[in-house]
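Structure first, then comments.
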Amino acid sequence: MSEPFDIDEIRSQFPALSRAEGPHPAAYLDGPGGTQTPSSVIEAMTAPLRDGISNLGGGYGPSDDAVRITAEARDAVARFINASPDEIAFGQNMTSLTFAVSRALARTWSVGDNIVLTSLDHDANFAPWATAAQETGVEVRVAEFDTETFRLAPESVIGLIDDNTRLVAVCLSSNALGTVVDVKPISEAARRAGALAYVDAVHAGPHHRIDVAEMGCHFLAASAYKFFGPHTGILWGQLDQLATLEAYKVRPAPSDPPGKWETGTQSFESLAGVTAAIEHIESVGWGAIQEHETALGERFLAGIEGMDHVRLWGVPEMNENRVATFAISVDGLHPDRVATTLRERGLYVWSGHYYAVNVMDRLGLMESGGLVRIGFVHYNTADEVDRVLDVLQELRA
Ligand SMILES: Cc1ncc(COP(=O)(O)O)c(C=O)c1O
């Protein structure tokens, strides 16, 4: 496999990749659940803890550092998703931020309104909205993904939007199946109906460029630990939305965005890590990352094509409709058993529903233990793909 970058050099930046599982080198194929961090992120996070850090607004050195770190993180995320720094808020994780926005938005809903969700989404972009709708007597409409193509046709979402729709929540890509959603027409339809579009970009983070201006959404949430950074959530909102919507906040906290959406004190060391993670991606480049991931995905798909005991639940080729996250089942074996066998060889994968409970429900797989998920990011190698394929081959009943 010809590489768009020096893969050994990339891997040397990630200390965790040198871990071993007994005699087997560890292969982190669990990127969809969380990625590893390069040394630059570790150093960026350690520095404020080592050198001194204080809370915002003290007017002395370590406090000024916290101000600078926060501003740099907003700048970095703004570059990362093509937005403005004053539209970027941080929080504990995507789930917490989404609950916060859902509660705030629900205060503007009333009986007779509806919201549109999808069965492709992680529960973090479903339950907060469904709960808020239940509390306000608002109708929940669910757009279903196609169980043959594993895609979510924009029309299936758009067809549910009407003049009473207040919110459309959709993922940019599925953490279970790897499906990429064409969000732009969905946002446009939401706008035409006077509804707001909220996009979950958590799974997209490490795989491809995110552009909120191009997508035309009103809100977007992401999580830095999915793109080589620390465990910190990111919320982007269109400035007028963040400004006019009432946030749940303590009285002395800022009344303007983005600060009004940030509860309590942020993890400044994590914010330093967010900046470093984005700089890492910028240093490698999206073109190279995508080229590498596509090659790994194609190798994996070609490998399982010849295995009639392995079934892929997802788009069967590497194209704009998927990223290199694969959900599979092996005939006659429980997903946990497959995952355990892979893990015993140092191949870190997941089995189950990974909180994509609607996906597993829709595929009728909830009772049978969900699926095995194998995900590739830019630090994975062709050799790791081959190691997975070898084990899958052995698992033929
Ligand atoms: C697609 C997707 N959305 C949302 C989440 C929740 O993110 P967080 O852990 O930051 O709350 C995840 C986590 O796995 C995810 O994969």
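Plus 497 on top of the position in the sequence shown (first one is 1) and you've got my numbering. Glycine included, each C-beta is placed from N, C-alpha and C at the ideal position.
With distances taken between CB atoms, is the gap from Arg859 to Phe642 smaller than 8 Å?
Reading the sequence shown from its first residue, position 362 is the one you call residue 859. Reading the sequence shown from its first residue, position 145 is the one you call residue 642. Yes, they are a contact pair.
Short of 7 Å in beta carbon distance, which residues of its chain neighbour Ala541, apart from the five on each side in sequence? Order them along the chain.
The residue labelled residue 541 in the question sits at position 44 within the sequence shown. These residues qualify, in order along the chain: Ala769, Gly770, Thr772 and Ala773.
Mapping DSSP to helix, strand and coil, what is Leu657?
By 1-based counting over the sequence shown, the position of residue 657 is 160. In this structure, Leu657 counts as coil in the three-state DSSP scheme.
Measuring straight from C-alpha to C-alpha, what distance separates Ser515 and Thr543?
Residue 515 sits at position 18 when you count from the first residue of the sequence shown. Residue 543 sits at position 46 when you count from the first residue of the sequence shown. In a straight line, the C-alpha of Ser515 is about 20 Å away from that of Thr543.
Within its chain, find whatever has a CB closer than 8 Å to the CB of Ala603; leave out the 5 residues flanking it on each side and keep chain order.
On the sequence shown, residue 603 is found 106 positions in, with the first residue counted as 1. Excluding positions up to five away in sequence, the list reads Ala629, Ala630, Glu632, Thr633 and Val635.
Three-way DSSP call (helix, strand, coil) for Pro682 in this model:
Within the sequence shown, the letter at position 185 stands for residue 682. Three-state DSSP puts Pro682 in a helix.
Report the rounded CA-to-CA distance for Gly761 versus Asn672, giving the unit in angstroms.
Taking the sequence shown and counting its residues from 1, the one referred to as residue 761 is at position 264. Taking the sequence shown and counting its residues from 1, the one referred to as residue 672 is at position 175. The straight-line gap from Cα to Cα measures roughly 29 Å.
Nearest candidate by alpha-carbon position, reference Ile624, set Ser560, Gly861 and Asn855:
On the sequence shown, residue 624 is found 127 positions in, with the first residue counted as 1. The question names Ile, but residue 624 in the sequence shown is Ala. If we check each option's Cα against that of Ala624, Asn855 comes out closest.
Looking at Val564 and Leu546, is the spacing between their C-beta atoms short of 8 Å?
Taking the sequence shown and counting its residues from 1, one reaches residue 546 at position 49. Taking the sequence shown and counting its residues from 1, one reaches residue 564 at position 67. Contact flag unset, no.
Between Thr595, Gly784 and Arg808, which lies nearest to Leu674 when the distance is taken from Cα to Cα?
Taking the sequence shown and counting its residues from 1, one reaches residue 674 at position 177. Ranking the options by Cα distance to Leu674, first place goes to Arg808.
May I ask whether a heavy atom of ligand 1 can be found less than 7 Å away from the beta carbon of Pro529?
As a working note, residue 529 is residue 32 in the sequence shown. Flag set: Cβ of Pro529 near ligand 1.
Taking 7 Å as the cut-off, is the CB of His619 close to at least one heavy atom of ligand 1?
Along the sequence shown, read from residue 1 onward, the residue named residue 619 stands at position 122. His619: yes, Cβ under 7 Å from ligand 1.
In this structure, how does DSSP classify Glu584 when only helix, strand and coil are distinguished?
Sequence index remark: in the sequence shown, residue 584 carries index 87 (1-based). Glu584: helix per DSSP, three-state reduction.
Classify Glu766: buried if its beta carbon has 16 or more other beta carbons within 10 angstroms, exposed otherwise.
Indexing the sequence shown from 1 puts residue 766 at position 269. Glu766 should be labelled buried.
Does the distance from the CB of Ile731 to the CB of Val608 come in under 8 Å?
Residue mapping note: residue 731 aligns to position 234 of the sequence shown, counting from 1. Residue mapping note: residue 608 aligns to position 111 of the sequence shown, counting from 1. Not closer than 8 Å, so no.
Could you pull the start and end residues of the alpha helix (DSSP H) that Trp626 belongs to?
For the purposes of this step, residue 626 is taken as residue 129 along the sequence shown, with counting starting at 1. Residues Ala624 to Thr633.
Pick helix, strand or coil for Val888, following the three-state DSSP scheme.
Residue mapping note: residue 888 aligns to position 391 of the sequence shown, counting from 1. In the structure shown, Val888 sits in a helix (DSSP, three-state: H, G or I).
Three-state secondary structure (DSSP) at Leu742?
Reading the sequence shown from its first residue, position 245 is the one you call residue 742. Leu742: coil per DSSP, three-state reduction.
Under 8 Å between the Cβ atoms of Thr532 and Gln763?
As a working mapping, residue 532 is identified with position 35 in the sequence shown. As a working mapping, residue 763 is identified with position 266 in the sequence shown. Against a cut-off of 8 Å, the Cβ pair of Gln763 and Thr532 comes out as no contact.
Report the three-state DSSP secondary structure of Asn611 (helix, strand or coil).
Start at 1 with the first residue of the sequence shown, and residue 611 comes out as number 114. Strand.
Assigned secondary structure, Ile550 (DSSP; H/G/I helix, E/B strand, else coil):
For this step, residue 550 is matched to residue 53 along the sequence shown. Coil, per DSSP.
Touch test, the region 653 to 667 against the region 681 to 698, Cβ-Cβ under 8 Å, three pairs minimum
yes
Using only CA atoms, which one of Val846, Ala821 and Pro582 lies nearest to Asp833?
Here residue 833 refers to the residue found at position 336 of the sequence shown. The shortest C-alpha separation from Asp833 is found at Val846.
Mind checking whether the beta-carbon of Ser720 lies closer than 7 Å to any heavy atom of ligand 1?
Within the sequence shown, residue 720 is the residue found at index 223, counting from 1. Indeed, a heavy atom of ligand 1 lies less than 7 Å from the Cβ.
Taking only three categories from DSSP, how would you classify Gly730?
On the sequence shown, residue 730 is found 233 positions in, with the first residue counted as 1. Of the three classes helix, strand and coil, the one that applies to Gly730 here is strand, per DSSP.
Which first and last residues belong to the beta strand (DSSP E) in which Trp783 is found?
If you number the sequence shown from 1, residue 783 lands on position 286. Premise fails: Trp783 lies in the alpha helix (DSSP H), Trp783 to Glu802, not in any beta strand (DSSP E).
Give the DSSP-derived three-state secondary structure of Thr878 in the structure shown.
Along the sequence shown, read from residue 1 onward, the residue named residue 878 stands at position 381. It is coil, neither helix nor strand.
Between which two residues does the alpha helix (DSSP H) carrying Arg565 extend?
As a first step, residue 565 must be located in the sequence shown, where it is residue number 68. Start and end: Gly558 to Ile578.
Reduced DSSP category for Pro522 - H, G, I as helix; E, B as strand; rest coil
Position 25 of the sequence shown holds residue 522. If DSSP states are grouped into helix, strand and coil, Pro522 belongs with the strands.
Ile778: which of Ala718, Phe577, Ala666 and Asp620 sits nearest, CA to CA?
Here residue 778 corresponds to residue number 281 of the sequence shown, with the count starting at 1. For the residues Ala718, Phe577, Ala666 and Asp620, the minimum Cα distance to Ile778 belongs to Phe577.
Starting from Ala824, follow the alpha helix (DSSP H) in both directions and report where the run begins and ends.
On the sequence shown, position 327 is the one that residue 824 refers to. That residue, Ala824, is in no alpha helix (DSSP H); its beta strand (DSSP E) goes Thr822 to Val827.
Looking only at its own chain, which residues have a Cβ that is under 6 Å from the Cβ of Met863, when we skip the five neighbours before and after it?
Translated into positions along the sequence shown, residue 863 becomes position 366. For Met863, where only same-chain residues beyond five positions count, the Cβ hits under 6 Å are Met857.
Give the straight-line distance between the Cα atoms of Thr822 and Ala666, rounded to the nearest whole angstrom.
For this step, residue 822 is matched to residue 325 along the sequence shown. For this step, residue 666 is matched to residue 169 along the sequence shown. So the two alpha carbons sit approximately 21 Å from each other.
Measure the alpha-carbon distance for Gly549 versus Glu841 and round it to whole angstroms.
By one-based count along the sequence shown, residue 549 stands at place 52. By one-based count along the sequence shown, residue 841 stands at place 344. Using only the alpha carbons, I get a separation of about 42 Å.
Pairs of beta-carbons, one from the region 521 to 537 and one from the region 877 to 889, closer than 8 Å: are there three or more?
yes
Determine the direct distance from the alpha carbon of Pro520 to that of Arg870, and round the result to whole angstroms.
The sequence position of residue 870 within the sequence shown is 373, counting from 1. The sequence position of residue 520 within the sequence shown is 23, counting from 1. Rounded to the nearest angstrom, the two C-alpha atoms are 23 Å apart.
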